[in-house]
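Oh and the sequence shown: position 40 is 364 in full-length UniProt numbering, straight run, nothing missing. Right, one structure below, let's go through it.
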Amino acid sequence: SNREICGDVEFMGVYFEYPDTDRPILQDLSFRVKAGETIAILGATGSGKSTLFQLIPRLYGTTDGNILIDGHDIRSYKQESLRKQIGFVPQEALLFTGTVKENIAWGKQDASLEEIIKAAKAAQIHQTIMKLPKQYEAVLGQKGVNLSGGQKQRLSIARALVRNPKILMLDDSTSALDLKTEAILLKSLKEYKCTTLVITQKISTAAEADSILLLEDGRLLTEGSHDSLLKN
Ligand code: ATP
Numbered sequence: 325s326n327r328e329i330c331g332d333v334e335f336m337g338v339y340f341e342y343p344d345t346d347r348p349i350l351q352d353l354s355f356r357v358k359a360g361e362t363i364a365i366l367g368a369t370g371s372g373k374s375t376l377f378q379l380i381p382r383l384y385g386t387t388d389g390n391i392l393i394d395g396h397d398i399r400s401y402k403q404e405s406l407r408k409q410i411g412f413v414p415q416e417a418l419l420f421t422g423t424v425k426e427n428i429a430w431g432k433q434d435a436s437l438e439e440i441i442k443a444a445k446a447a448q449i450h451q452t453i454m455k456l457p458k459q460y461e462a463v464l465g466q467k468g469v470n471l472s473g474g475q476k477q478r479l480s481i482a483r484a485l486v487r488n489p490k491i492l493m494l495d496d497s498t499s500a501l502d503l504k505t506e507a508i509l510l511k512s513l514k515e516y517k518c519t520t521l522v523i524t525q526k527i528s529t530a531a532e533a534d535s536i537l538l539l540e541d542g543r544l545l546t547e548g549s550h551d552s553l554l555k556n
């Protein structure tokens, strides 16, 4: 259906294998993120973090188990409607030759300048943009302005936010930010009230989250808040 989502995400005993491999990538994975909360996902390279993200907008179906959004199986949503309401920021920002404004509005061509600026502010990139010649009209790319890795990451977070996602997934997309900027960014995302899933290598990012999932070889090693994990 085209139902509007609120953003509660629950994995129930999820198993997953890629179609062309015969080894399980995710095994018996269960957890829940309540609408509006932030969950950090940690784990070594290859532990299945990015795979987990791909299952939520149904880029792949689960091998076994269920994923629920607002208590409804994700298979009961129209894929298009699901993808429209989920924002995904990849590890590598994919910017194109065009203005800053066009790059932010990429997934929402009819975004107003006001919406674009609001997203840029929340993503902590507005001040950088205001310092560029031509600001939001500055052209990015080889012959235009070249942004740093961290600036590109923030621009691509702004791009996801401008669509007002109900669920926001950040795949290590704050890796190039300094700790202070990252903490401010994660706090300012709260204004969008979206459920946020962040894959991260950094314990400082995880500390900003409401809860933390630690994956090892596709299994949930532990789950809890930063404080409770430190105590154990
Ligand atoms: P990283 O931190 O390096 O991004 P990750 O925890 O996100 O790693 P995944 O990218 O989810 O891990 O990969 C988990 C496992 O699935 C790895 O062993 C990887 O080789 C395998 N894998 C990932 N994508 C595919 C694919 N499209 N087809 C087959 N196997 C894949």
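The C-beta atom is built at its ideal place from N, Cα and C for all residues, glycine as well.
- Under the 10 Å beta carbon count, residue 519 is surrounded by 16 or more other beta carbons and is classified as buried.
- Per DSSP, the unbroken beta strand (DSSP E) holding residue 365 starts and ends at 362-367.
- Look at the beta carbons and you see the segment 501-511 touching the segment 433-452: at least three pairs across the two are nearer than 8 Å.
- Per DSSP, residue 351 lies in no alpha helix (DSSP H) segment; the continuous beta strand (DSSP E) that holds it begins and ends at 350-357.
- Of the heavy atoms belonging to the ligand ATP, none sits nearer than 7 Å to the Cβ of residue 432.
- Just so you know, the alpha carbons of residue 334 and residue 435 end up roughly 31 Å apart.
- For the ligand ATP, a non-hydrogen atom lies closer than 7 Å to the CB of residue 367.
- When DSSP reads this structure, residue 543 sits in a beta bridge with 540.
- Residue pairing of residue 523 in beta bridges, as defined by DSSP: 365, 495.
- For residue 392, the enclosing beta strand (DSSP E) stretches over residues 388-393.
- Assignment of residue 340 by DSSP, reduced to helix, strand and coil, places it in the strand class.
- Around residue 496, the same chain offers 415, 523, 524, 525 as residues with beta carbons nearer than 7 Å, after the five sequence neighbours per side are excluded.
- Counting of Cβ neighbours within 10 angstroms places residue 540 among the exposed residues, the total staying below 16.
- In this structure, residue 423 lies near residue 462, with their beta-carbon atoms less than 8 Å apart.
- With 16 or more neighbouring CB atoms inside 10 Å of its own CB, residue 329 falls in the buried class.
- Contact between residue 479 and residue 417 holds, with the beta-carbon distance rounding to 6 Å and staying under 8 Å.
- The straight-line gap separating the alpha-carbon atoms of residue 533 and residue 517 is approximately 14 Å.
- In the pairwise beta carbon analysis, the segment 467-477 is classified as not touching the segment 387-397: fewer than three pairs are separated by under 8 Å.
- Here residue 529 has 364, 498, 506, 510, 522 as same chain residues with Cβ atoms under 8 Å from its own Cβ, once five neighbours each way along the sequence are excluded.
- When DSSP assignments are scanned along the segment 393-477, the uninterrupted stretches of alpha helix (DSSP H) that are 4 or more residues long and fall wholly within it turn out to be 403-408, 424-428, 437-446, 450-454.
- Residue pairing by DSSP places residue 334 opposite 356, 392 in a beta bridge.
- Contact between residue 382 and residue 366 is ruled out by a C-beta separation of about 24 Å, above the 8 Å threshold.
- Between residue 371 and the set 549, 538, 547, the nearest pair of CA atoms involves 538.
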